[in-house]
Amino acid sequence: MRIVKISETEIYVEMTGKESFTVTCSSEQLAERWLALLEGLSE
620 MRIVKISETE
630 IYVEMTGKES
640 FTVTCSSEQL
650 AERWLALLEG
660 LSE
């Protein structure tokens, strides 16, 4: 899993294979929470 913070409120996630998605948040604080969650899942 590869995680890239695109902007203050957007996170791009590339899964194994050809699957990917973007998380768009309404605030920078929410994006930080998502980033922490996704990084925890990728370990």
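Numbered by the numbering used here, the letters in the sequence shown go through residues 620 to 662 in order. Positions of the beta carbon are idealized from the N, C-alpha and C atoms, including for glycine.
- Considering only Phe640, Glu662 and Gly636, the residue with the shortest C-alpha distance to Glu629 is Phe640.
- Its chain contains Ile630 and Leu654 as the residues whose beta carbon lies nearer than 7 Å to that of Lys624, once the 5 sequence neighbours on both sides are disregarded; these appear in chain order.
- For the options Met620, Glu662, Leu660 and Glu658, the alpha carbon positioned closest to that of Gly636 is the one of Met620.
- If you ignore the 5 residues before and after Glu627, its C-beta comes within less than 8 Å of the C-beta of Glu647 and Ala650, all in its own chain and listed in chain order.
- Taking C-beta atoms under 8 Å as the contact rule, Ile622 and Leu656 fail to qualify, at a distance of about 10 Å.
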